[in-house]
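Below is one structure, written out as structure tokens; the observations come after it.
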Amino acid sequence: MSKTLIILNPHAGGGRSGQLWRKLEPLLWESLGELVIAVTENPEEVAHHLDKAYAAGLTRVISIGGDGTNHALVNAIVALNQHNPDGPPVIYGNVPVGTGRDWARGIGMTFKPEIAARWIAFAQPRPTDIGQLDFDGQRQHFLNIASAGLSGEVDRRVNLARVRRPWTFLQATVSTLLTHRAQRMRVELDGQSWYEGPAYLVAVANGTTFGHGMKIAPTAQVNDGLFDVVLVEGMPRADVLLALRKVYNATHLVHPGVHFQRARQVHITGLKGRIGLDMDGENASGESLTFTVRPGLLQLLS
Numbered sequence: 224m225s226k227t228l229i230i231l232n233p234h235a236g237g238g239r240s241g242q243l244w245r246k247l248e249p250l251l252w253e254s255l256g257e258l259v260i261a262v263t264e265n266p267e268e269v270a271h272h273l274d275k276a277y278a279a280g281l282t283r284v285i286s287i288g289g290d291g292t293n294h295a296l297v298n299a300i301v302a303l304n305q306h307n308p309d310g311p312p313v314i315y316g317n318v319p320v321g322t323g324r325d326w327a328r329g330i331g332m333t334f335k336p337e338i339a340a341r342w343i344a345f346a347q348p349r350p351t352d353i354g355q356l357d358f359d360g361q362r363q364h365f366l367n368i369a370s371a372g373l374s375g376e377v378d379r380r381v382n383l384a385r386v387r388r389p390w391t392f393l394q395a396t397v398s399t400l401l402t403h404r405a406q407r408m409r410v411e412l413d414g415q416s417w418y419e420g421p422a423y424l425v426a427v428a429n430g431t432t433f434g435h436g437m438k439i440a441p442t443a444q445v446n447d448g449l450f451d452v453v454l455v456e457g458m459p460r461a462d463v464l465l466a467l468r469k470v471y472n473a474t475h476l477v478h479p480g481v482h483f484q485r486a487r488q489v490h491i492t493g494l495k496g497r498i499g500l501d502m503d504g505e506n507a508s509g510e511s512l513t514f515t516v517r518p519g520l521l522q523l524l525s
């Protein structure tokens, strides 16, 4: 049995990751065989650990960490696979222990780490779509959902929280809606004009769920070569707050202020400056944003 690289962030999930590792390690040794364990608190170190392991012949990597570790690993794996087109692709799996854990929700993975560890040990690699986001001369990749609008500010508030609770994302969403206006933007889908005007959010979804259980794109599939695009247009704040609960039970797509379409590429232009960004829980901002689906780019254990 081949070796497996474990990327462990012991401080993810408010320190829960390190505590769980003591339970998971013997289970993974039993299920996967020999493990090479890289402990990191800095997502910027992830690519170094991955490159070193790949050079030693390891092609399977499992992360035990939060959104930051997951985002860094997805980008590092995409870059490494592209730099080694003739070599074996890196296979990726994730044991969810962070705050959001929305990718795991979308693919039906249990949140009980012991069960998740055994589940992922016997999962098969499947070609999975990846989102590519180009903005401000940068290129980032995302696995689950990227979005433009108020979600960037929501991320910032969540990441600043000293202690993250199950309601932290909802609390940050409500407080952001109460203090920020919809942003004017132009949205094109596959080169065709789709929307122009104020919008609170444009979610470009590969997976179904973000924000700790918000089912923003309930029909999204990770292997159909398409994004599910969900736009929430500008409307009175009270209407948005009343409709927010519909996102949790996936009934929001019929709301008159919510627009839905599928596309391979999405281009968003901020008409009055920079737009906040969320990429799998990581925040940024940009003025001209291009999202492109990359079909089957990642071999994911699922």
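Sequential numbering from 224 applies to the sequence shown in this note's numbering.
Quick reminder that beta carbons are idealized off the backbone N, C-alpha and C, glycines included.
All values derive from a computational prediction rather than experimental measurement.
Residue i to residue j span [Cα, whole Å]
i: Leu303; j: Val425; result: 30 Å
i: Thr292; j: Gln484; result: 30 Å
i: Met437; j: Trp342; result: 24 Å
i: Ile368; j: His294; result: 11 Å
i: Gln415; j: Lys226; result: 47 Å
i: Ile338; j: Val320; result: 13 Å
i: Leu258; j: Leu250; result: 11 Å
i: Val445; j: Ser370; result: 16 Å
i: Phe358; j: Gly493; result: 12 Å
i: Thr513; j: His490; result: 4 Å
i: Ser526; j: Pro348; result: Only positions 224 to 525 of the chain appear in this structure, which leaves residue 526 out of reach.
i: Ser286; j: Ala466; result: 35 Å
i: Pro312; j: Arg379; result: 33 Å
i: His306; j: Leu273; result: 13 Å
i: Ile230; j: Gly280; result: 16 Å
i: His271; j: Tyr277; result: 10 Å
i: Lys495; j: Asp413; result: 23 Å
i: Glu267; j: Ala428; result: 25 Å
i: Ala473; j: Arg387; result: 24 Å
i: Leu366; j: Pro308; result: 20 Å
i: Arg407; j: Ala486; result: 21 Å
i: Glu419; j: Leu449; result: 22 Å
i: Leu464; j: Val397; result: 7 Å
i: Trp252; j: Ala395; result: 39 Å
i: Asn382; j: Gly372; result: 17 Å
i: Gly289; j: Ala384; result: 15 Å
Sequence-distant residues of its chain with Cβ nearer than 8 Å to residue i (five each side left out)
i: Arg460; result: Leu400, Leu401
i: Pro233; result: Ser240, Gly241, Trp244, Val262, Glu264
i: Ser254; result: Ala340, Arg341, Ala344, Phe345
i: Leu247; result: Ile287, Val318, Pro336, Glu337, Ala340
i: Ile314; result: Thr282, Arg283, Val284, Pro348, Gln522, Leu523, Leu524
Beta-carbon contacts of residue i that lie in its chain and below 7 Å, excluding the five residues immediately before and after
i: Glu376; result: Thr399, His403, Gly499
i: Thr442; result: Asp451
i: Met458; result: Gly480
Beta-carbon contacts of residue i that lie in its chain and below 6 Å, excluding the five residues immediately before and after
i: Thr515; result: Gln355, Gln488
i: Glu510; result: Gly493, Arg497
i: Leu476; result: Phe483
i: Gln363; result: Leu356, Met502
i: Gly310; result: none
i: Ile353; result: His364, Arg517, Leu520, Leu521
i: Glu505; result: His294
i: Val453; result: Ala426, Ile439, Ala440, Phe483
Supposed contact pair residue j and residue i - C-beta distance, whole angstroms, cut 8 Å
i: Val410; j: Ile439; result: No, Val410 and Ile439 are not in contact; Cβ-Cβ is about 16 Å, not under 8 Å.
i: Ala299; j: Val269; result: 5 Å
i: Asp503; j: Gly480; result: Wrong, their Cβ atoms sit about 26 Å apart, outside the cutoff.
i: Phe392; j: Gly430; result: At roughly 15 Å, the Cβ-Cβ gap does not stay under 8 Å, so Phe392 and Gly430 are not in contact.
i: Val284; j: Leu228; result: 4 Å
i: Ala422; j: Val455; result: 6 Å
Beta bridge counterpart(s) of residue i as assigned by DSSP
i: Asp413; result: According to DSSP, Asp413 bridges with nothing at all.
i: Ile491; result: Val410, Leu512
i: Val452; result: Val427, Gln484
i: Phe392; result: DSSP, once it has assigned bridges, lists no residue as partnering Phe392.
i: Tyr315; result: Val284, Leu523
i: Met437; result: Phe433
i: His364; result: Gln355
i: Gly499; result: Ser508
i: Ser374; result: Answer is none; Ser374 lacks a bridge partner.
i: Ala346; result: Its beta-bridge partners do not exist; DSSP assigns none.
i: Tyr418; result: Val410
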